[in-house]
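The structure appears right after this line, and notes come after that.
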Amino acid sequence: TPKSPCRFFSKHCRGFAPQNISGNESPSLYKELPEHFNFASDILDKWSQMEKNGERASSIPALWWVGDQGNEVRWGFEELGFLSRKAANVLSDACGLKKEDRVIVMLPRIPEWWLITVGCMRTGIIYIPATIQLTANDILYRLQASKAKCIITNDILAPAVDSVVSKCQFLKTRLMVSEGSRDGWLDFKELLKAARGDHDTVKTKSQEAMTIYFTSGTTGYPKMVEHSHSSFGIGMTSTGRLWFDLNPSDILWGLSDPGWVKFAYGSLFSTWIHGACIFTHSMLQFEATTVLNCLSRFPITSFCGTPTAYRMLVQHDLTSYKFKSLKHCLSGGEPLNPEVMERWKSKTGIDIYEGYGQTETVLICAVFKGMKIKPGAMGKAAPPYDVQIIDENANILPPGKEGDIAIRIKPTRPFCLFSGYMGDPEKTAASERGDFYITGDRGIVDEDGYFWFVGRADDIILSSGYRIGPFEVENALLEHPAVTEAAVVSSPDPIRGEVVKAFVILSPDFVSHDPEKLTKELQEHVKKVTAPYKYPRKVEFVQQLPRTISGKIRRKELRNKEWGRI
Ligand code: ATP
Ligand code: MG
Numbered sequence: 289t290p291k292s293p294c295r296f297f298s299k300h301c302r303g304f305a306p307q308n309i310s311g312n313e314s315p316s317l318y319k320e321l322p323e324h325f326n327f328a329s330d331i332l333d334k335w336s337q338m339e340k341n342g343e344r345a346s347s348i349p350a351l352w353w354v355g356d357q358g359n360e361v362r363w364g365f366e367e368l369g370f371l372s373r374k375a376a377n378v379l380s381d382a383c384g385l386k387k388e389d390r391v392i393v394m395l396p397r398i399p400e401w402w403l404i405t406v407g408c409m410r411t412g413i414i415y416i417p418a419t420i421q422l423t424a425n426d427i428l429y430r431l432q433a434s435k436a437k438c439i440i441t442n443d444i445l446a447p448a449v450d451s452v453v454s455k456c457q458f459l460k461t462r463l464m465v466s467e468g469s470r471d472g473w474l475d476f477k478e479l480l481k482a483a484r485g486d487h488d489t490v491k492t493k494s495q496e497a498m499t500i501y502f503t504s505g506t507t508g509y510p511k512m513v514e515h516s517h518s519s520f521g522i523g524m525t526s527t528g529r530l531w532f533d534l535n536p537s538d539i540l541w542g543l544s545d546p547g548w549v550k551f552a553y554g555s556l557f558s559t560w561i562h563g564a565c566i567f568t569h570s571m572l573q574f575e576a577t578t579v580l581n582c583l584s585r586f587p588i589t590s591f592c593g594t595p596t597a598y599r600m601l602v603q604h605d606l607t608s609y610k611f612k613s614l615k616h617c618l619s620g621g622e623p624l625n626p627e628v629m630e631r632w633k634s635k636t637g638i639d640i641y642e643g644y645g646q647t648e649t650v651l652i653c654a655v656f657k658g659m660k661i662k663p664g665a666m667g668k669a670a671p672p673y674d675v676q677i678i679d680e681n682a683n684i685l686p687p688g689k690e691g692d693i694a695i696r697i698k699p700t701r702p703f704c705l706f707s708g709y710m711g712d713p714e715k716t717a718a719s720e721r722g723d724f725y726i727t728g729d730r731g732i733v734d735e736d737g738y739f740w741f742v743g744r745a746d747d748i749i750l751s752s753g754y755r756i757g758p759f760e761v762e763n764a765l766l767e768h769p770a771v772t773e774a775a776v777v778s779s780p781d782p783i784r785g786e787v788v789k790a791f792v793i794l795s796p797d798f799v800s801h802d803p804e805k806l807t808k809e810l811q812e813h814v815k816k817v818t819a820p821y822k823y824p825r826k827v828e829f830v831q832q833l834p835r836t837i838s839g840k841i842r843r844k845e846l847r848n849k850e851w852g853r854i
């Protein structure tokens, strides 16, 4: 018989004491998967009750939002519950949406984002987050691919939606979250004011679809990844506990954009499962000074960024900032270069704990709080995943051998793995090999069970019989003071077939140096710090690197250019 979600909460969220929990304890947590589960009623409403009973400090909000003008919104769990019930009524009454209907939510970091997503959970509507950086064509692709019935956005993006609306036969309702109104659009703020405050959360099965995320599109068209109610709502318990190290008095700020799954980790599920506070700032683009000011002004205890964000932060003079409350820093989304980690630590005294994951899997490996940090390694398998390095025949490889990073899916597919690529069973099947789901990333596991990232399978360079991963060469380059950023790809060569080429952004002090001399110097440097056969035979200095809208380096674009494929 399935255990009740209520028991889940009392056992794993309430009264949570981090010192009592070890990595080994978590799998038992996942064996108790209840038949029905809804994050809103089974977690959020429970915290709301705790707050009412005085069992969670009401001085720490559940959501702490700071706007560009320094204006703030602070909601406790009770207020969040009340407003999200109203939002649920807006979605089902005014928008006419029903359980299982799909909705694209394309909003910046505004408090209404949380009301709408929680409102969707309460009604069983499947929400599809999208980043506000999309163009009209991107929006059209997503509306058509997802068959969304409704799109929710703001006045800035509404015109882009309107420019493609005639081509979207599935779209019935447009809902705008802004001051002011627009023809053809419902007005969320007005409707919310008028909406009823009572709402009964629908019953949702643990394995029913809750959300669909688009991948970043680093290697091709973004894929639609479906996740169930339990996948995030229960699956992120250990992420919050072991990696973010959260308890109800913590305040976590994750820099991600609502359109990416990393936002779901840090700015929704992992945090609220443990009754902690989500801090967020409305900034539309990353601004290093805003980030540094917030970290010193607000009692933020935990901070999650990307390697790129940390790289930009350490370029500032950090001596004038004091991060009084900050105690735990995390990074994910791209490989974290040891160089960046070291510079952050030397300036703040705080380590960076890396996590590795995908839209499909959420957290796969991480350096958990308290674990030894091995610079350049992504940490150990995240519960409940059994992560292995496998070969092309799905055999498990021993430590030290490079292969595909894979997750065991047989005999039981982990409940927190995506349900499939929506509308693409072939692609879903192609992601499996033998007993495993293959991530598409290459790596090595060491004797201690730490995983080391080598590169995306497509980014591996084969030169004179050697397999060379870009990450290691990029790390070596970054250790040189002339290099701010580097991307390493394969390039054609008449003799070797393929050679290593580095695209390098120079730090300001070096831009006027002789490029030929610099090239030699960088090549010598790489030969010294890593196996000499990996050194870049070609070096090109550039002003910027091609990136996805989420900011990841698109090595594929550089590689295609080298090979004359575009
Ligand atoms: P697409 O699948 O559309 O090409 P994407 O793979 O970039 O895009 P995401 O799901 O956002 O989409 O990103 C997951 C990928 O990001 C991983 O497969 C891996 O290549 C990379 N990644 C994430 N975290 C790390 C990390 N800590 N170290 C190395 N790589 C990472
Ligand atoms: Mg991917």
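If you count by my numbering, then the sequence shown holds residues 289 to 854, one letter each, in order. Using N, Cα and C, we set each Cβ at its ideal position, and we do this for glycine too.
CB contact flag (residue i, residue j, <7 Å)
i	j	result
V406	S372	yes
V787	R825	yes
S707	S516	yes
T492	N326	yes
Y501	T647	yes
V800	E850	It is Ser, not Val, that sits at residue 800 in the sequence shown. Taking 7 Å as the Cβ cut-off, S800 and E850 do not qualify as a contacting pair.
C582	H569	yes
E595	S558	Reading off the sequence, residue 595 comes out as Pro, not Glu. Result no, Cβ atoms of P595 and S558 do not sit closer than 7 Å.
A448	I427	yes
Y709	K511	yes
K840	Y738	no
I440	L422	no
V742	G753	no
L846	F759	no
A382	L445	no
Supposed close pair residue i, residue j - CB separation, criterion 8 Å
i	j	result
S347	G369	About 18 Å; that fails the 8 Å criterion.
V814	Y823	4 Å
K477	K460	Contact flag wrong, Cβ pair sits at about 21 Å.
A682	R721	5 Å
I677	I693	6 Å
L856	F656	Outside the shown range of the chain, which is 289 to 854, sits residue 856, and nothing can be said about it.
L241	S494	Absent from the structure is residue 241, since the part of the chain shown begins at 289 and ends at 854.
Between the CA atoms of residue j and residue i - distance to the nearest angstrom
i	j	result
D712	A654	29 Å
F586	I414	34 Å
S590	C565	10 Å
G508	E343	48 Å
T836	S504	7 Å
H768	L540	33 Å
M571	G688	43 Å
R842	V650	21 Å
V776	P702	34 Å
F365	D333	7 Å
I331	L556	12 Å
D797	Q831	14 Å
S526	W402	22 Å
K789	E642	27 Å
A764	K455	49 Å
E762	S469	49 Å
Y598	K550	16 Å
P686	V733	8 Å
A497	S466	29 Å
L431	A774	35 Å
L766	G667	21 Å
P626	V827	22 Å
N425	V452	8 Å
V817	L810	11 Å
M659	Y553	20 Å
H487	C408	12 Å
G664	G852	33 Å
Residue i beta carbon near ligand 3 (any heavy atom closer than 6 Å)
i	result
E760	For ligand 3, the structure offers nothing, since it holds only ligand 1 and ligand 2.
Closer than 7 Å to chain B by CB, residue i
i	result
T727	The question asks about chain B, but that chain is absent: this structure has only one protein chain.
*Using the beta carbon as the reference atom, which residues fall closer than 6 Å to any heavy atom of ligand 2, ordered along the chain?*
T503, Q646, G728
*Does the region 749–769 come within contact of the region 696–705, defined as at least 3 CB pairs closer than 8 Å?*
no
*Any contact of the region 719–729 with the region 529–547, i.e. 3+ C-beta pairs under 8 Å?*
Segments in contact, no.
*asked:* Would you call the region 790–810 in contact with the region 760–774, where contact means no fewer than 3 C-beta pairs closer than 8 Å?
replied: yes
*Report yes or no: do the region 601–620 and the region 573–588 share at least 3 C-beta pairs separated by less than 8 Å?*
yes
_Check whether the region 627–636 and the region 521–535 are in contact - that is, three or more C-beta pairs closer than 8 Å._
no
*Decide if the region 355–364 is in contact with the region 379–397; the criterion is three or more beta carbon pairs, one per stretch, under 8 Å apart.*
no
*asked:* Check whether the region 381–389 and the region 352–361 are in contact - that is, three or more C-beta pairs closer than 8 Å.
replied: no
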